[in-house]
Amino acid sequence: MDLTSEQIERYSRQIVLKEIGGIGQKKLLDSKITIIGCGGLGSPVAYYLTAAGIGSIKIVDFDVVELSNLHRQILHFNNDINKKKTQSAYEKLHKLNPDVNIEVVNEVLLPNNIKEILKDSDFVIDGSDNIPTKMLINDASVNLNIPFTIAGVVRFNGQIITVNPQEKTACYRCVFGDITEHEPSMSCSQAGIIGLIPGIVGSIQANEAIKCILKIGDLITNRMLFLDLLKYRFSFIKVARNENCIACGDNAINVIETHDYNIGDACFE
Amino acid sequence: MNDNNVTIFEKIHKLDIRGKVCPMTFVYAKLALEKMNPGEILLLTLDFPAAVKNVPDNCKRQNIGELMDIKEVDKEKKVWILKIKKI
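If you read the sequences in order, they're chains A and B.
Heads up: the first sequence at position 65 corresponds to 84 in the working numbering, and the numbers run straight through without jumps.
Heads up: the second sequence at position 64 corresponds to 69 in the working numbering, and the numbers run straight through without jumps.
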């Protein structure tokens, strides 16, 4: 299918790019991305991917909008308070670009539904707010052989890693092991967070998705990016695949079936 | 504008983008060149003066087309035909 004249105009600044062109734009329009969470991270991710013309975007969230979300979760407005986040997100994203097929899933992501939710995706983005969910996204995406990016934000800090199971790059579990067994770390509500840090980190996640689909540039694989916006320190730390990793290692097990993620115990604030 | 504006005649493709201004002039030229095979010719008719330089410059920078000739076909109305070879 050729681009319509409206699409040519809408995506013209991307088509101009040497790395994208009409061919790349069609790839984006043919792609499917799943975003877990439409809060602080998911908001900029969803905005930019919708604007960029990703063909199908699936948004997964079970939460409702609260007043204390609004300083960082830029998909949601004052009159969305108490509304389902997925509904609020759909309304904004559809208005931004009706060319994109937005699908919403109002469910808690759990070991028994995650594979069904992720299975058709070309790329998965973690915008969740707790480590058990991040680990679950990691394990399921590795199992399904789908590239993905996981990020975390708190205070003025952010961190990002992208994993491409098709190239056997280090996964989140390779880096952190079984951190779900430890005490939950402090969440946004207790530690605090500057509203724009998920904006910056989420924008980088959206960039990872676009680059991975187009196979351009370098991804944040086999390394992690750390951002400190107080000191303006942006640093990469090398990480390596663990051959004994239970999710992606040489003798990986079906960890989703057997592992206890304690999703319900995690802090959802 | 769509494919109807591109006609194929013995490996020569024609595209009329009169009325388009930068950067859409380059966008349409690029989309046409992407569909062509190396060595084929694009005859691009345009009337936006800056595009006479910008379109060939961008084609060269992105290594997708090489300017072969510029013909000013209508001095009064300022219409040019650029002959661009797909790289």
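Every residue, glycine too, gets a C-beta built ideally from N, C-alpha and C.
As the structure is a prediction and not an experimental result, all values here were calculated from the model.
Per DSSP, reduced to three states, the secondary structure at residue 116 of chain A is coil, with no helix or strand assignment. With a beta-carbon spacing of about 24 Å, residue 35 of chain A and residue 76 of chain A fall beyond the 8 Å limit used to define contacts. Nearest to residue 123 of chain A by C-alpha distance, out of A/244, A/243, A/257 and A/55, is A/55. When secondary structure is reduced to three states using DSSP, residue 28 of chain A falls in the helix class.
Taking 8 Å as the upper bound for CB-CB distance, residue 43 of chain B and residue 92 of chain B are in contact here, some 6 Å apart.
Cβ-Cβ separation between residue 38 of chain B and residue 48 of chain B: approximately 12 Å, too far for a contact (criterion under 8 Å).
Taking a C-beta distance under 7 Å as the contact criterion, residue 213 of chain A and residue 173 of chain A do not qualify as a contact pair. Close to chain A, meaning a Cβ-Cβ distance shorter than 7 Å, are the following residues of the stretch 12-41 of chain B: 28, 29, 31, 32, 35, 36 and 39.
Taking 4 residues as the shortest admissible run, the stretch 155-227 of chain A contains the following complete alpha helix (DSSP H) segments, listed from N- to C-terminal end: 191-195 and 207-210.
Here DSSP, grouped into helix, strand and coil, assigns residue 87 of chain A to helix. Note: residue 87 of chain B is bridge-paired with B/49 and B/75 in the DSSP secondary-structure output. Around residue 235 of chain A, no beta-carbon contact reaches into chain B at under 9 Å, the shortest distance being about 14 Å.
A buried status is given to residue 224 of chain A, since no fewer than 16 other beta-carbon atoms sit within 10 Å of its beta-carbon. Spatial neighbours of residue 38 of chain A in its own chain (CB-CB distance under 8 Å, excluding positions within 5 residues in sequence) are listed in chain order as 233, 235 and 236. Put simply, the stretch 161-169 of chain A touches the stretch 140-150 of chain A. At least three CB pairs are less than 8 Å apart.
Restricting attention to A/189, A/210 and A/129, the CA atom closest to the CA of residue 277 of chain A is found in A/129. Within chain B, 67 have C-beta atoms less than 7 Å from the C-beta of residue 37 of chain A, given in sequence order.
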